Structures are given as C-alpha cells and as structure tokens.
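If you're matching positions, the sequence shown starts at 1 in the working numbering and goes up one per residue. The beta-carbon is built from N, C-alpha and C at its ideal position, and this holds for glycine as well. In this text the structure is predicted, and so the values were computed from the model without any measurement. Everything on this sheet refers to the single structure shown next.
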Amino acid sequence: MIVGRKNAGKASPFLLILISVGCFFATYNFLTMVGHSRSGDGPRKLLGSGDQGGAVAFGSGSDPSKRFHVALTATDALYSQWQSRIMYYWYKQMRVRPGSDMGGFTRILHSGKPDGLMDEIPTLVVDPLPEGADRGLHCPQ
1 MIVGRKNAGK ASPFLLILIS VGCFFATYNF LTMVGHSRSG DGPRKLLGSG DQGGAVAFGS
61 GSDPSKRFHV ALTATDALYS QWQSRIMYYW YKQMRVRPGS DMGGFTRILH SGKPDGLMDE
121 IPTLVVDPLP EGADRGLHCP Q
C-alpha cells in the first residue's frame, strides 16, 4: 500500500503569489526597457524640451556648472558605500551625455570620520546627529 501526502501536487498560495509578482516585475521591466530604447527620446520629450511646444526648456541660458548639484547622504555602512558607488557611477554617465544639466556631486558622510571612498567620490564629512534628533519635525500650532 502506497501512502501519499495530502497536499501532494499542490503549490502553496504564497509560492504562487510570489511567482506571479516576480513575473509581473520581470515583464514590466523588460517592456519598459524595450520601449525606452526604441523611443530614444528620454525624459526630455516627456517633460517638454521647448522645441516640441513644451513649457519647460531645460538648461536654457544657465551656467552648465550650476544647473543641478547632486547631494547624497550616506553612512559608513557597507551597503551605503555600495549605493554611493552605484549612484556616483550613474551620475558620471549622465553628466557626459550631450545636453546634460548635471553639475556637481557631493556625498555627505554623517559618520563623523573619513572612510575608504573619500578619494573616489567627492565627500563632505559631518558629525552624526544626536540620538533622536532625526525623529521628525514638531510644529507648534
């Protein structure tokens, strides 16, 4: 006599939901990537570049070195360093593109001491906030 499990051949609802969500994100990202690479317009056409009748003209008459400055807050944690490297890489990629409005980049390191990325990424070291100082803003009424 063969004894089988009661739920043999059935997938758990959690697993089915997880697979469905994963497939949704994969499909969405793929379609977005294909659509974006075909259009070649980028964000300027979506926001209006001035030559298409849009109301917003990017970079018209402003100093290229002062248009947009990226300020990134970071800690000395390994994950934060990884994120900083990725963000700085993409900042440099975008800055060299024709018509880019990217100015400077500053990583604000709030650990109070320098770290290994000081020579790689422009960094300003500041003292950490006192415990509880970042819990929100209280407005008197």
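If we count the other Cβ atoms within 10 Å of its Cβ and call it buried at 16 or more, is residue i buried or exposed?
{"i": "F105", "result": "buried"}
{"i": "S20", "result": "exposed"}
{"i": "Q81", "result": "buried"}
Using the C-alpha atoms, what's the distance from residue j back to residue i?
{"i": "A71", "j": "P128", "result": "16 Å"}
{"i": "T73", "j": "A11", "result": "44 Å"}
{"i": "V121", "j": "D115", "result": "Going by the sequence as given, residue 121 is Ile instead of Val. Distance between the alpha carbons of I121 and D115 is about 11 Å."}
{"i": "L31", "j": "G22", "result": "14 Å"}
{"i": "R135", "j": "S100", "result": "36 Å"}
{"i": "L15", "j": "R95", "result": "43 Å"}
Among the candidates the options, whose CA atom is the shortest distance from the CA of residue i?
{"i": "V126", "options": "I108, P98, W82", "result": "I108"}
{"i": "T123", "options": "D76, T27, P98", "result": "D76"}
{"i": "A117", "options": "M87, F68, L18", "result": "A quick correction: the sequence has Leu, not Ala, at residue 117. Of the listed residues, the one whose Cα sits closest to L117 is M87."}
On the DSSP letters alone, give me the boundaries of the beta strand (DSSP E) that residue i sits inside.
{"i": "V125", "result": "123-125"}
Please give the ranges of any beta strand (DSSP E) in the region 69-119, keeping only runs that are unbroken, at least 3 residues long and fully inside the region. Segments of the beta strand (DSSP E) lying fully in the region 69-119: 102-109.
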